[in-house]
Amino acid sequence: MTEDSERLQMQFEDNSLLPQLYGERDRNLDRIERELGVSVTSRGNRLAIAGPHANADVARNALASLYERLKRGLEVDAAAVDAAVKRASLHSDERWGETEEIRTRKRRITPRSANQAAYVKALRTHELVFGLGPAGTGKTYLAVAMAVDMLMSGGVERIILSRPAVEAGERLGFLPGDLREKVDPYLRPLYDALYDMMPGDQVMKRLDSGEIEIAPLAFMRGRTLAKAFVILDEAQNTTPVQMKMFLTRLGEHSRMAVTGDLSQVDLPPRTRSGLADALETLAGEPGIARVDFTDLDVVRHPLVSRIVRAYDRRESKARRKKDNA
400 MTEDSERLQM QFEDNSLLPQ LYGERDRNLD RIERELGVSV TSRGNRLAIA GPHANADVAR
460 NALASLYERL KRGLEVDAAA VDAAVKRASL HSDERWGETE EIRTRKRRIT PRSANQAAYV
520 KALRTHELVF GLGPAGTGKT YLAVAMAVDM LMSGGVERII LSRPAVEAGE RLGFLPGDLR
580 EKVDPYLRPL YDALYDMMPG DQVMKRLDSG EIEIAPLAFM RGRTLAKAFV ILDEAQNTTP
640 VQMKMFLTRL GEHSRMAVTG DLSQVDLPPR TRSGLADALE TLAGEPGIAR VDFTDLDVVR
700 HPLVSRIVRA YDRRESKARR KKDNA
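For what it's worth, the numbering used here labels the leading residue of the sequence shown as 400, then goes sequentially.
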């Protein structure tokens, strides 16, 4: 070992939690080794961590955080491991998941970054919340989880999930099938989130009864949505007229979550995004919260964070070049 290297020892009291902590075939330990460049060796309830001093310390703190998570009855998966490593790397002592836990029929969901915790808190306390940022940050997933939580607890009577049917230049009229077959591909991510929160038979039962409704944005026109949790996903692809129409559907005892990524607008050229227009128009209005996510909040594959950063760097360079022209 070099002068900068260190060998740390850890010991855990509850052996029943170790299979979940280590992961199948020690995959969680392997993930930490790859991310931090350390060696983690398990012998029963003991771990030996070897590597550069700073990284070994991060690994120890991350593993201690994951162990505490298991003691609280929460699951540990790849995203939880990445979040623990990220938090330990930032030397943060915040325990994001303790106060902002969301309970659904199939799982207990906790924020995995400070911004996610702020977002969940905003969804609990504000009637209208804008969640902005790149793919993989949990904007829509957490909003759906909160909607399911409130439906199960009686806080709302309906969940309404919507998206504008504009993607990558495609138009519904040119797609095969009837109206449902045309719009379902656009709404599939919303279905996927629901099935992750509730048993499949419950999802279908509530879709049939109207307690859960998934529909294109155009179907919202002329309605007043009372006692409902309403989510508009991919909101960057609305026009200002569509966005105003949607926001003014808010009825008594309802909540709205509007999610989008202003760097991924698929509207025709020179068409202003309704999301950008709404953020400008409603800035400073009471009762409205805005949470901005960054690549640090991405909870998908670690490569997604690097992809987001690479695109951001290229766009920043292009803007600087344009400004200096």
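Virtual Cβ for every residue (Gly too), placed ideally from N, Cα, C.
All figures in this text were calculated on a predicted structure; none of them were measured in a lab.
Item                                                                                                                                                                     : Value
Would the beta-carbon of SER512 fall within 8 Å of that of ALA483?                                                                                                       : no
Where LEU571 and PRO563 are concerned, what is the direct C-alpha to C-alpha distance, given to the nearest angstrom?                                                    : Since pLDDT at LEU571 reaches only 49, below the 50 mark, its modelled position is unreliable, and no value is offered.
When burial is assigned at 16 or more other CB atoms within 10 Å of the CB, is SER672 buried or exposed?                                                                 : buried
What distance in whole Å lies between the Cβ atoms of ARG459 and LEU407, which are believed to be in contact at a cut-off of 8 Å?                                        : 5 Å
Nearest CA to the CA of GLY381: which residue from ALA546, SER653, LEU462?                                                                                               : There is no way to answer for residue 381, as the model of the chain reaches only from 400 to 724.
Report the residue ranges of all alpha helix (DSSP H) runs contained in full by the stretch 476 to 555; include only those spanning at least 4 residues, in chain order. : 477 to 488, 495 to 498, 513 to 524, 538 to 552
Along the chain, where does the beta strand (DSSP E) that runs through MET409 open and close?                                                                            : 404 to 410
Going straight from the alpha carbon of ARG708 to that of ASP694, what length do you get?                                                                                : 7 Å
For the stretch 597 to 615 against the stretch 638 to 646, are there 3 or more C-beta pairs whose distance is under 8 Å?                                                 : no
Count the other CB atoms, across all protein chains shown, that sit within 10 Å of the CB of ALA479; report buried if there are 16 or more and exposed otherwise.        : buried
Less than 8 Å between the beta carbons of VAL555 and PHE628, yes or no?                                                                                                  : yes
Taking the alpha carbon of ALA546 as the point to measure from, which residue in TYR421, LEU531, ALA521, ARG433 has its own alpha carbon closest?                        : ALA521
So, helix, strand or coil for THR440, using DSSP?                                                                                                                        : strand
Shortest alpha-carbon distance to ASN454 belongs to which of ARG705, ARG468, VAL439?                                                                                     : VAL439
Need the endpoints of the beta strand (DSSP E) that THR680 sits in, please.                                                                                              : From DSSP, THR680 is part of no beta strand (DSSP E) but of the alpha helix (DSSP H) over 673 to 681.
What are the start and end residues of the alpha helix (DSSP H) that includes ALA458?                                                                                    : 452 to 470
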